[in-house]
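These notes are about the structure you will find just below.
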Amino acid sequence: MSRIARLSDVLINKIAAGEVVERPASVVKELCENSLDAGARTVRVELEGGGVGRITISDDGHGMSREDATLCLERHATSKLRELDDLFHIDSMGFRGEAIPAIASVSRFTLHTAEPDAHEGTKVMVEGGGPPTVEVAPPRVGTVITVEDLFFNVPARRKFMRQGATELKHCEEAVVRLALAYPEVGFFASHEGNELFSSPVSEHDPRERIAAALGPTSFPHLFPVEERRLGVVVTGYLASPEYTLPNARGLYTFVNRRYIRDRGLISTVQRAFQDFLPAGRQPVVVLHIDVEPRAVDVNVHPQKMEVRFADARGVQDAISAALSRVLRAAPWLGTPEQQAANPQPRDAAHYAHAVERFLTRAQEATWGAPLPTAMDAPGGPGGSMPARPLTPSYFSPNGGAQGSAFPGPFQGPQVPGRSPAFGEAQPQLNEAPPPGYFAALRPMGLLGSRFHVCEGPGGTLVVLDPHAALERARLTAYLRRLDDDTKAPPPSLFGTTVDLSLAAVKALVDGREALLKLGVDVEPFGGTALALKSVPPGLEGVDPRALLEALSRALPPRSAPLDVTSLAEAVRVMACHAARRASSSPLTDAQLRALLGELDRADFTPPCTHGTVVVLEMPLLELERRAR
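Structural data, given as structure tokens:
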């Protein structure tokens, strides 16, 4: 008796379902891809129970005849391939003919379709991979497929499904990926009557589709990317370094309009941005890579989310060139004429960050080598240029004072015979200002309607950034309240309703426990609106929409413990927004004095969004030398 037996079609389909249908999002992806291959101009996705209860995909494509509607339920029956050579020239989303029979084998499956101008349609029903029931149905435009009780006959698979909200998020992400790849197709998704994603055709301005996926605040930050090389075309949009995320969820790469997760492509994008983003932030990029179908193999993974390139290095070089060209041009700063006519404070910040990055790279190239002192510089004894002044000191974002944004053991310029001035010694020796440093400052006036000029001990000139100072003070206060479990932050009543992006609303609702820990109380108010009921002290007058959008990107994952470490990014966001409101108008003398007292009690160790409190510190001796 033979020990080897041919598996039944039902069992084969269930095995295929384990590879193709991983979760409800896999069903949404496969069926929506079939709609796109059918030439649909509108695709609608309706979900119940996070997609496990019911998934309905309807389109206005060309539909199917009764023969095709029955045949599509057979494994490896497809309209996309005819011969072997077609496998190496794939220009459709689907091609294996596995998805529909695999889905029908683990659900209660119903298909209703009709060809254009047909007098009658076809309805096919399959339960758990059993024999199909074919009925005559009213004619309709396109196709509607309903998948109910997913994995009802595979209890082990259904047991390992995540919570409904998690599965729903994956389903929505599947729709977003296809919507970003096909802006000329309208996509609409809902869950139990509530709208999840809605984006009509936006082929004239793809930024509208990206804004629908990532939130309307991303729209003004998007800039086009394009690179054309022999065999490779890279197009898409990147967001300016001002608009980032704490994770890589805003990084989308498409190969021939198919969403791809490729480590090489992602690493190339991240390397292009590495000199423009702070640590812990990820870029927002939507890239379309078009290559000759024969130069890429999409038949690598059952879910077709991985590919192999014939020339992977060439593709990566094209991406790097496309992104680097836009990042170097920095179009978000405007043209030189626009910058001169309408200077913005953020321009100076970008310039300062660029200088800091340059100096850091220079120091890394000769690690530990000190910069030349005034005596060694050109213009010193034997030099031809004016002697360089003593390096101004800063309070760095990590709390230490530093001489030129150099990490590591750097000994700044010193005058022989005296102790190092504050900011000139090694940064690790100045992790906090000397006791009473700020209280000893004497305010003298306001510079450029922004910076406070003070006189320090011994006639030192000190220039303060009030926004950074207020942010540091608020950050310290919020962290101390958060660290004290016995003392909840006293809330300030702040009743208002805010309409946000769908992604922001979901993140805030999911992270409501973390928000309450921070002293922020929000409640769903229907649709994409949230009711903001209270905020911590200092945030009463902020822009609620900007605050909540920023918090939605800063909250930790739901599985993370709610401690100071996981909530640090959210606390930094609150401190920055509180400082923005407080520094919107010049501080009075009394307010500045109170702030200086708070700075003497502040903790400069935790990183801060805007950490440079002391913009400049210059000794009287240096001023006298310059006056000669």
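The opening residue of the sequence shown carries number 1 in the UniProt record's numbering; numbering runs sequentially from there.
Glycine is no exception: its CB is placed at the ideal position from the N, C-alpha and C atoms.
Beta-carbon contacts of residue i that lie in its chain and below 6 Å, excluding the five residues immediately before and after
i: Ile145; result: Leu31, Ile57 and Leu111
i: Ala118; result: Pro139
i: Ala602; result: Arg472, Ala473 and Thr476
i: Leu461; result: Met618
i: Gly142; result: Asp59, Asp60, Gly61 and Gly63
i: Pro183; result: Ser202, Glu203, Pro206 and Arg209
i: Asn153; result: Gly128
Under the three-state DSSP convention, the category residue i falls into
i: Cys32; result: helix
i: Ala156; result: helix
i: Val284; result: coil
i: Leu616; result: strand
i: Ala239; result: strand
i: Phe188; result: strand
i: Asp297; result: strand
i: Phe565; result: The sequence shown places Thr at residue 565, not Phe. DSSP places Thr565 in coil when its eight states are reduced to three.
i: Leu551; result: helix
i: Leu150; result: coil
i: Asp290; result: strand
i: Val21; result: coil
i: Val201; result: coil
i: Asp68; result: helix
i: Glu208; result: helix
i: Pro216; result: helix
i: Arg545; result: helix
i: His221; result: helix
i: Gly51; result: helix
Local Cβ density within 10 Å of residue i, reported as buried at 16 or more and exposed below that
i: His610; result: buried
i: Ala349; result: Any reading at Ala349 must be qualified, since the residue scores a pLDDT of 39, below 50, and its modelled position is unreliable; the value itself is stated next. Ala349 comes out exposed.
i: Pro155; result: exposed
i: His204; result: exposed
i: Leu447; result: exposed
i: Met444; result: exposed
i: Asp499; result: exposed
i: Phe160; result: exposed
i: Arg308; result: exposed
i: Ser198; result: exposed
i: Asp484; result: exposed
i: Arg63; result: Note on residue identity: the sequence assigns Gly, not Arg, to residue 63. Buried, since its Cβ has 16 or more Cβ neighbours within 10 Å.
i: Glu98; result: buried
i: Ala310; result: exposed
i: Gly193; result: exposed
i: Val136; result: exposed
Segment limits, beta strand (DSSP E) that includes residue i
i: Gly445; result: Arg442 to Leu447
i: Ser267; result: Looking at the DSSP string, Ser267 is not in any beta strand (DSSP E); the run it does join, the alpha helix (DSSP H), is Arg263 to Phe273.
i: Asp59; result: Arg54 to Asp59
i: Pro132; result: Per DSSP, Pro132 belongs to no beta strand (DSSP E) and is neither H nor E.
i: Val43; result: Thr42 to Glu48
i: Thr166; result: Note, Thr166: premise wrong, no beta strand (DSSP E); alpha helix (DSSP H) at Gly164 to Ala181.
Extent of the continuous alpha helix (DSSP H) to which residue i belongs
i: Tyr478; result: Pro466 to Asp483
i: Pro524; result: From DSSP, Pro524 is part of no alpha helix (DSSP H) but of the beta strand (DSSP E) over Asp521 to Pro524.
i: Glu569; result: Ala568 to Ala582
i: Gly314; result: Ala312 to Ala329
i: Leu596; result: Asp589 to Arg601
i: Leu111; result: Note, Leu111: premise wrong, no alpha helix (DSSP H); beta strand (DSSP E) at Arg108 to Thr113.
i: Thr609; result: Per DSSP, Thr609 belongs to no alpha helix (DSSP H) and is neither H nor E.
i: Glu513; result: Arg512 to Leu518
i: Ala99; result: Ala99 to Ala104
Cutoff 8 Å; reference residue i; Cβ partners in own chain excluding five residues on either side
i: residue 693; result: Residue 693 is absent from the structure shown; the chain starts at 1 and stops at 628.
i: Gly280; result: Pro246 and Glu569
i: Ala40; result: Asp59, Asp60, Gly61, Gly142 and Val185
i: Gly314; result: Arg229, Gly231 and Val232
i: Phe219; result: Arg207, Glu208, Ile210 and Ala211
Closer than 8 Å to chain D by CB, residue i
i: Pro278; result: Structure shown: chain D not included; a single protein chain is present.
Beta-carbon contacts of residue i that lie in its chain and below 7 Å, excluding the five residues immediately before and after
i: Ala579; result: His467, Leu470, Glu471 and Arg474
i: Cys171; result: Pro24, Ala25, Val28, Leu47 and Gly51
i: Val233; result: Asp290
i: Arg505; result: Residue identity check: residue 505 is Val in the sequence provided, not Arg. Cβ neighbours of Val505 beyond the five flanking positions: Thr528 and Leu530.
i: Ser267; result: none
i: Val126; result: Leu73, Ala104, Phe109 and Pro132
i: Ala213; result: Val176, Ala179 and Leu180
i: Phe276; result: Pro241 and Leu327
i: Leu555; result: Ala507, Gly511, Ala514 and Ala570
i: Val564; result: Leu479, Leu482 and Asp483
i: Met305; result: Tyr259, Ile260 and Arg261
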